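Data first, discussion second: the structure below is written as structure tokens.
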Amino acid sequence: MLENLERFTRLKRDIAQINVDPLQRGGILTPEARAALLEWGDGYSICDFCAGMLDRIRNPPVEEFVHSVLPEFLDTDEVRVTHGAREGKFAAMHSLCQKGDFVVMDGNAHYTSVLAAERAGLEVEYVPPSKEPDYAISAEGYAQAIERAYERKGDVTLALLTYPDGNYGNLPDARAIADICHDYNVPLLLNGAYSIGRMPVRARELGADIIVGSGHKSMAASGPVGVLGASEEYARIIFKPSATKKNKEVELLGCTVRGAPLITLMASFPAVVERVGRWQKEVENARWFSEEMEKMDLVQVGDRPHNHDLMFFLAERLYQISQTAKGGRYFLYREMKERGVCGIKPGLTRQFKLSTYGLACQELERVINAFSEIIQSHEKDEKGDKGEKREKKREKGKRS
Ligand SMILES: *Cc1c(COP(=O)(O)O)cnc(C)c1O
């Protein structure tokens, strides 16, 4: 097994010019971050001048970034860097809740929210989304879920809202949900994995007591890296110092991101702040794209008009084509790739999600044209086939 290991070196990525994978659109590095990745790639590179606390390192300027810049960006009191959104959610749940407590979360929640709760020994009470095609999450649903948890003799010590969710890209009314949670004295954790770094998100304004973001998902960082913010009241508990190890915070196991991923987050940050300011244009692009898709009978579900770049489509027409196409259900992936577009999961045709984030208008047109060409070429084939068969039948009829 330890022979021929060369195959692990010089690995290449196989991606098309345009990648519409929602998971990856917001994590593409800026040129500055790409250079920083090389410069700081060595293990523990960030620790040259560390005096014991990662977030207090001054050279490179981590302290300023974590303690001044990020709290202002997120509009919250205290921030720490984590390995990702999931680690932030777990740290909050583990420190704020007792085993057996209830966490109330939206039914569109990411699987990592559920696993974080499971790992922290918590029960989950869901807020069910409305039926298809909206999948909407309401503030009233939170009140009902909290009441249901009480009926089950539970202590509800945390609520979580996915903002937006990773399936439909729906943005619920966070402020209204926060207000309901606060009526019950339940703090709200806002999961901004798909929003922080893409669109303006201000924790205080939205009423979020705790907030998490994902660097590799939405902040143009290589990752794994994320941000965890909290208001003073909860920061005190989440970031409690160790009783035995001076200057180390228990929930973070002392230090979190100890090298290049954090530096890439910092290096792309100016560009991230700028792009957040251009969010309205991104929403316009997404809406334009959705309209063009619908002209081809590919139906966008979730919020309409849509308010986010992540969109979910029902594509019965592509599914029908896959029934007879060469390559079966893989035809779409292959034919999109031939046209310079990747990011729709191989094998999916009937429903899929994609993101328009950060793509120029011409690139979006290219994606739309790819769909259009694929549909036309197959449906023409089909008509052609049928036409031919009909022709043959007629000839047969003539002969007999
Ligand atoms: C991607 C995603 C996550 C996971 O983010 P990590 O930073 O990789 O932990 C969590 N929640 C949502 C809604 C996501 O889309």
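Each residue of the sequence shown is one higher than the one before, starting from 2 at the first, in our numbering. Glycine included, C-beta positions come from ideal geometry on N, C-alpha and C. Source: prediction; values computed, not measured.
Residue interval of the beta strand (DSSP E) (run including W243): The residue given as residue 243 occupies position 242 in the sequence shown. The question names Trp, but residue 243 is Ser in the sequence shown. Run containing S243: none; DSSP gives neither H nor E here.
Simplified DSSP state of G89, which is helix, strand or coil: Here residue 89 refers to the residue found at position 88 when the sequence shown is read from its first residue. Three-state result, G89: helix.
Distance cut-off 6 angstroms: K218 Cβ against heavy atoms of ligand 1: Locating residue 218 in the sequence shown gives position 217, counting from the first residue. Yes, the beta carbon of K218 sits closer than 6 angstroms to at least one heavy atom of ligand 1.
Buried or exposed by the 16-neighbour rule on C-beta atoms within 10 Å, applied to M2: By one-based count along the sequence shown, residue 2 stands at place 1. It is exposed - the Cβ of M2 has fewer than 16 other Cβ atoms within 10 Å.
Test item: CB-CB of G255 and G89 under 7 angstroms: The count along the sequence shown starts at 1 and reaches residue 255 at position 254. The count along the sequence shown starts at 1 and reaches residue 89 at position 88. It is not a contact, given that the beta carbons lie outside the stated cut-off.
CB of E250 within 7 angstroms of CB of P242, strictly: Position 249 of the sequence shown holds residue 250. Position 241 of the sequence shown holds residue 242. Result yes, Cβ atoms of E250 and P242 sit closer than 7 angstroms.
Beta-carbon proximity of A110 to M94, cut-off 7 angstroms: Here residue 110 refers to the residue found at position 109 when the sequence shown is read from its first residue. Here residue 94 refers to the residue found at position 93 when the sequence shown is read from its first residue. Contact: no.
Nearest-angstrom Cα separation, counted from C343 out to M337: If you number the sequence shown from 1, residue 337 lands on position 336. If you number the sequence shown from 1, residue 343 lands on position 342. Roughly 6 angstroms separates the two Cα atoms.
Beta-carbon proximity check, V273 vs A221, cutoff 7 angstroms: Numbered from 1 along the sequence shown, position 272 holds the residue referred to as residue 273. Numbered from 1 along the sequence shown, position 220 holds the residue referred to as residue 221. Contact flag set, yes.
DSSP bridge partner residues for P107 (one or two, in chain order): In the sequence shown, residue 107 corresponds to position 106, counting from 1. Note on residue identity: the sequence assigns Asp, not Pro, to residue 107. Paired residue(s): V128.
Limits of the unbroken beta strand (DSSP E) element including R35: Mapped onto the sequence shown, residue 35 falls at position 34. Not the beta strand (DSSP E): R35 falls in the alpha helix (DSSP H), residues P32 to E40.
Ranges of the alpha helix (DSSP H) found wholly within the segment 296 to 355, counting only runs of at least 4: 317 to 323 and 332 to 339
For R404, the three-state DSSP class (helix, strand or coil): No statement about residue 404 is possible, as the shown extent of the chain runs from 2 to 401 and does not include it.
Straight-line gap, E65 to G260 (C-alpha atoms, nearest Å): To locate residue 65, count along the sequence shown from 1; it is residue 64. To locate residue 260, count along the sequence shown from 1; it is residue 259. Roughly 16 angstroms between the two C-alpha positions.
Residue interval of the beta strand (DSSP E) (run including I212): As a working mapping, residue 212 is identified with position 211 in the sequence shown. Looking at the DSSP string, the run of the beta strand (DSSP E) that includes I212 is I211 to S215.
Proximity of H309 and G28 at Cβ, strictly below 7 angstroms: Against the sequence shown, residue 309 aligns to sequence position 308. Against the sequence shown, residue 28 aligns to sequence position 27. No, they are not a contact pair.
Contact under 7 angstroms by Cβ, Y143 with V128: Taking the first residue of the sequence shown as position 1, residue 143 is located at position 142. Taking the first residue of the sequence shown as position 1, residue 128 is located at position 127. It is a contact, given that the beta carbons lie within the stated cut-off.
For M200, the residue or residues it bridges with in DSSP: One-based indexing of the sequence shown puts residue 200 at position 199. I197.
Any non-hydrogen atom of ligand 1 closer than 6 angstroms to S215 Cβ: As a position in the sequence shown, residue 215 is number 214, starting the count at 1. Yes; taking the cut-off as 6 angstroms, the Cβ of S215 has a heavy atom of ligand 1 nearer than that.
With 16 other Cβ atoms within 10 Å as the buried cut-off, status of R395: Indexing the sequence shown from 1 puts residue 395 at position 394. Note on R395: pLDDT 46, under 50, position unreliable in the model; the coordinate value appears next. When all chains shown are included, R395 counts as exposed.
Same chain only: Cβ atoms within 7 angstroms of A179, ignoring 5 sequence neighbours per side: Along the sequence shown, one-based indexing puts residue 179 at 178. L189, L207, G208 and A209, listed in sequence order.
Span of the beta strand (DSSP E) around V228: Position 227 of the sequence shown, counted from the first residue, corresponds to residue 228. Segment G227 to A231, the beta strand (DSSP E) holding V228.
Coarse secondary structure for L207, derived from DSSP in three states: Here residue 207 is taken as the residue at index 206 of the sequence shown, counted from 1. L207 falls in the helix class under three-state DSSP.
Straight-line gap, F9 to D22 (C-alpha atoms, nearest Å): For this step, residue 9 is matched to residue 8 along the sequence shown. For this step, residue 22 is matched to residue 21 along the sequence shown. Taking the straight line joining both Cα atoms gives about 25 angstroms.
Distance between Y164 and P62 (C-alpha atoms, nearest Å): The count along the sequence shown starts at 1 and reaches residue 62 at position 61. The count along the sequence shown starts at 1 and reaches residue 164 at position 163. In a straight line, the C-alpha of P62 is about 30 angstroms away from that of Y164.
Cβ-Cβ separation, F353 to F290 (assumed contact under 8 angstroms), whole Å: Translated into positions along the sequence shown, residue 290 becomes position 289. Translated into positions along the sequence shown, residue 353 becomes position 352. No, F290 and F353 are not in contact; Cβ-Cβ is about 14 angstroms, not under 8 angstroms.
beta-carbon G198 near ligand 2 non-hydrogen atom, thresh 6 angstroms: Looking at this structure, you won't find ligand 2 anywhere; what it does contain is ligand 1.
The segment 27 to 45 / the segment 363 to 371 touching (three or more Cβ pairs under 8 angstroms): no
Cβ distance (whole Å) where A268 is taken to contact E73 below 8 angstroms: If you number the sequence shown from 1, residue 268 lands on position 267. If you number the sequence shown from 1, residue 73 lands on position 72. Actually they do not touch by this definition, with Cβ atoms about 18 angstroms apart.
Classification of D43 by the beta-carbon crowding that lies within 10 angstroms, buried from 16 upward: Within the sequence shown, numbered from 1, the residue matching residue 43 stands at position 42. Looking at its Cβ environment, which holds fewer than 16 other Cβ atoms inside 10 Å, D43 is exposed.
Cα-Cα separation, G388 to Q377: Reading the sequence shown from its first residue, position 387 is the one you call residue 388. Reading the sequence shown from its first residue, position 376 is the one you call residue 377. Because the pLDDT of G388 is 48, which lies under 50, any placement of that residue in the model is unreliable, and the question is left without a value.
Heavy atom of ligand 1 within 6 angstroms of T163 beta-carbon: Locating residue 163 in the sequence shown gives position 162, counting from the first residue. Yes, since a heavy atom of ligand 1 falls inside the 6 angstroms radius drawn around the Cβ of T163.
A236 beta carbon less than 7 angstroms from that of D76: Counted from its first residue, the sequence shown places residue 76 at position 75. Counted from its first residue, the sequence shown places residue 236 at position 235. Taking 7 angstroms as the Cβ cut-off, D76 and A236 do not qualify as a contacting pair.
Supposed contact pair V105 and I147 - C-beta distance, whole angstroms, cut 8 angstroms: For the purposes of this step, residue 147 is taken as the residue at position 146 of the sequence shown. For the purposes of this step, residue 105 is taken as the residue at position 104 of the sequence shown. About 6 angstroms; that satisfies the 8 angstroms criterion.
Near ligand 1: H111 beta-carbon under 6 angstroms from a heavy atom: Here residue 111 corresponds to residue number 110 of the sequence shown, with the count starting at 1. It does: the Cβ of H111 is within 6 angstroms (strictly closer) of some heavy atom of ligand 1.
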